[in-house]
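Each remark here refers to the structure printed beneath this line.
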Amino acid sequence: MEKNKQLMWCYLMHLGYNMWHSADSHLDTKYGKASTVLRFDLDAWNAIIDKLAASGFNTVVLDLGEGVKYESHPEIAAQGAWSIDFLRSELNKLRAKGITPIPKLNFATTHDEWLGEYSRRVCTPEYYQVCRDLIEEVCDVFDQPEFFHLGMDEEFTENQIHLHYAVIRQFDLWWHDMYFYIEACERKNVRAAVWSDCGKKNIAEYVAKMPKSVLQTNWYYWNYWDDVQADYIGMDAFQYNEKQIQGYKTHLDLFPALEKAGFEQIPSGSFWNNDVNFYNLTRYAQKLISPERLRGFMQTAWLPTVNETLSEHFRCIDVAAKAINKD
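Note that the sequence shown ends on residue 333 in this note's numbering; no numbers are left out.
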């Protein structure tokens, strides 16, 4: 694959990180529990964005969460959260390095611990107003970005079995709220982007009900592929049983379904499972998705932006750079 500067080569970064378990969770997870203090090191941030720019990335999807002292709702902010003015200055610094910032706030009930007290008030009039306020404010701070990532992944019962407070929206209620978030973005002339997880339960319903304007970021982190003709690497190192393969196909089936239905896509990979996933995902998707609908790719580390994780971020960037800079 030749390097294509028109593609969005995205890296997911976290400013806030309260997206999983409450502070009193019984699970002993190193970073998963919510914290009242922002877990973020500016030195790590600066080093990562320098590395991204040098490696060919041109987009950062920034998960804001509790990491901003929003003027509309400062009560959400963690101790040490960025002011709006400082956030603006850092966004300009990204742009000066050739990196486009895209905002992300995850409104899935599985990942909304960052909302603080409002995560316990889902679907109330107060909740809707807070969500609209935040979306509109962030759109303004990012100077009306092309996309706003709304998250919306893993809002299923099986993803909340360890949460102290578990709530899922289903059926028409999930779609009502999805349309609410999309409309809030569109009122600011910004396109919504989402994780495509809901489609894995019912592809036909998903492609029928999801507006075609919404950018799809279906994630796939493994190294099983159903197109043996693609130019893959590292295939011999992985052996999967039939049960695993059927599970992986559930994820893979979304890519052709979204393409057939006419959605723009940014397939998302990771080094979470293995180091060849991102490279092979680019091979797979470029054979499957038409160039006019393939907007780019996103690499994810799912680690906080702190000095302790810097070497892992660098490794995550390096394995993606092999795909970005392939001759």
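Where is the CB? At the ideal position from N, CA and C, for every residue including glycine.
Span separating the alpha-carbon of residue i from that of residue j
i, j, result
"residue 230", "residue 282", "11 Å"
"residue 232", "residue 290", "9 Å"
"residue 175", "residue 115", "8 Å"
"residue 188", "residue 296", "25 Å"
"residue 191", "residue 242", "44 Å"
"residue 224", "residue 32", "30 Å"
"residue 9", "residue 286", "Only weak support is given to the placement of residue 9: the predicted model assigns it a pLDDT of 44, under 50, and the question is left unresolved by the model."
"residue 108", "residue 148", "8 Å"
"residue 206", "residue 256", "6 Å"
"residue 173", "residue 117", "11 Å"
"residue 194", "residue 29", "34 Å"
"residue 316", "residue 309", "9 Å"
"residue 197", "residue 251", "34 Å"
"residue 327", "residue 61", "6 Å"
Buried versus exposed, by CB contacts within 10 Å (16 or more), residue i
i, result
"residue 119", "buried"
"residue 260", "buried"
"residue 26", "buried"
"residue 144", "buried"
"residue 273", "buried"
"residue 168", "exposed"
"residue 123", "exposed"
"residue 288", "buried"
Unbroken beta strand (DSSP E) run spanning residue i, endpoints
i, result
"residue 110", "106–110"
"residue 197", "197–201"
"residue 2", "Here the chain comprises residues numbered 7 to 333, so residue 2 is not present and cannot be evaluated."
Pair within 8 Å by beta-carbon distance, residue i and residue j
i, j, result
"residue 3", "residue 183", "Shown here, the chain extends from 7 to 333; a query on residue 3 therefore has no answer."
"residue 51", "residue 311", "yes"
"residue 203", "residue 159", "yes"
"residue 69", "residue 14", "no"
"residue 284", "residue 220", "no"
N- and C-terminal bounds of the alpha helix (DSSP H) containing residue i
i, result
"residue 250", "248–258"
"residue 178", "177–192"
"residue 287", "283–294"
Proximity to residue i [Cα-Cα], best of the options
i, options, result
"residue 279", "216, 121, 238 and 227", "227"
"residue 170", "159, 91, 40 and 102", "40"
"residue 53", "319, 325 and 327", "319"
"residue 64", "104, 217 and 300", "104"
"residue 215", "245, 267 and 12", "267"
"residue 74", "222, 250 and 111", "111"
"residue 92", "77, 62 and 82", "77"
"residue 113", "211, 127 and 102", "127"
"residue 277", "264, 265, 270 and 306", "306"
"residue 136", "36, 102, 298 and 186", "186"
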